[in-house]
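Notes to accompany the following structure.
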Amino acid sequence: MWCYQTIDINDVPSVESRVECVKDLTMGRGGDIVMEVVGYPQVVNEGIQMVRRGGAYVEVGNIWDKSNVTLDMSKIIWGQVKLSQQLTILRKRCQLP
């Protein structure tokens, strides 16, 4: 998988500016696929705001136990955003007898 453009949070520090940057890069539409890969619950809603109508939001960051996110379901329902997740489990390597 590849991406066309990345946004450095150090260069674009505010949520509103980052969402606007994505909209500008996509001619006002939003991203076809937006992925969260850092594991911070507080960025989930920001990512959903960046998804185009009918696009997909993918949670890869493996948010930890008891991590709660309050979602504005109207953005998901009316924007026809597909939610998806990817769980990665790291297991310690072991020798079998």
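In the numbering used here, the protein residues as written are 53 to 149.
Idealized CB from N, CA, C, for every residue including glycine.
Owing to the predicted nature of the structure, the values given are computational and were not obtained by experimental measurement.
Notebook entry, point to check: Does the distance from the CB of methionine 87 to the CB of valine 112 come in under 7 Å?
Noted result: Yes, Cβ-Cβ distance for methionine 87 and valine 112 is below 7 Å.
Run through the DSSP bridge pairs and tell me what leucine 77 is partnered with. Looking at the DSSP assignment, leucine 77 forms no beta bridge with any residue, so it has no partner.
| query | Should arginine 105 be labelled buried (16 or more other beta-carbon atoms within 10 Å of its own) or exposed? | reply | Residue burial is scored here from C-beta neighbours: arginine 105 has fewer than 16 other C-beta atoms within 10 angstroms and is therefore classed as exposed.
Own chain, CB closer than 8 Å to serine 136, minus 5 neighbours either side, in chain order = Spatial neighbours of serine 136 in its own chain (CB-CB distance under 8 Å, excluding positions within 5 residues in sequence) are listed in chain order as Ala108, Tyr109, Val110 and Glu111.
Since lysine 127 contacts glutamine 101 with CB under 8 Å, what's their CB separation in whole angstroms? Confirmed, Cβ separation roughly 7 Å.
*asked:* Taking a contact to mean a Cβ-Cβ separation below 7 Å, would you say valine 133 touches valine 103 in this structure?
replied: Taking C-beta atoms as the reference points, valine 133 and valine 103 count as a pair closer than 7 Å.
**Report entry** According to DSSP, residues forming a beta bridge with glutamate 88
**Finding:** Under DSSP, glutamate 88 takes part in a beta bridge, and its partners are Glu111.
Comparing alpha-carbon positions, which option in Pro65, Asp63 and Ile59 lies nearest leucine 77? Its Cα nearest to that of leucine 77, the residue Ile59 stands out among Pro65, Asp63 and Ile59.
For valine 193, is the classification buried or exposed, using 16 other Cβ atoms within 10 angstroms of its Cβ as the cut-off for buried? Since the first and last residues shown for the chain are 53 and 149, residue 193 lies out of range.
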